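Colleague:
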Amino acid sequence: MSIYKGIVMSRQNGGIHTTIRIRRIIAGIGVEIVFPM
Numbered sequence: 011m012s013i014y015k016g017i018v019m020s021r022q023n024g025g026i027h028t029t030i031r032i033r034r035i036i037a038g039i040g041v042e043i044v045f046p047m
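Going letter by letter, the sequence shown gives residues 11 to 47 in my numbering.
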């Protein structure tokens, strides 16, 4: 488990297949990560 801080860009699907996309700036580069929930 880790803490990730950023802006929630989107939330897709529903139920057990929900994913969220978070955007964060790291060293001046935009990084988007998709997390399954």
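By construction, the Cβ of each residue, glycine as well, lies at the ideal position given by its N, Cα and C atoms. Here the structure is a predicted model, which means the values were calculated and not measured.
Report whether the distance from the Cβ of valine 18 to the nearest heavy atom of the ligand MG is below 7 Å.
Modeller: Of the ligands one can find in the structure shown there are none, so the ligand MG has no counterpart to examine.
Colleague: Could you check which residue in Gln22, Gly40, Ile13 and Arg34 has the C-alpha nearest to that of methionine 47?
Modeller: When only C-alpha atoms are compared, the closest one is Gln22.
Colleague: Who does threonine 29 pair with in a DSSP beta bridge?
Modeller: Answer is Gln22 and Pro46.
Colleague: Between which residues of its own chain and serine 20 is the CB-CB distance below 8 Å, once the five residues before and five after are set aside?
Modeller: Counting only Cβ-Cβ distances below 8 Å, and skipping sequence neighbours, we find Ile30 and Arg31.
Colleague: Only counting the same chain, and skipping five residues up and downstream in sequence, which positions put a Cβ closer than 6 Å to that of isoleucine 17?
Modeller: Cβ within range, chain order: Arg33.
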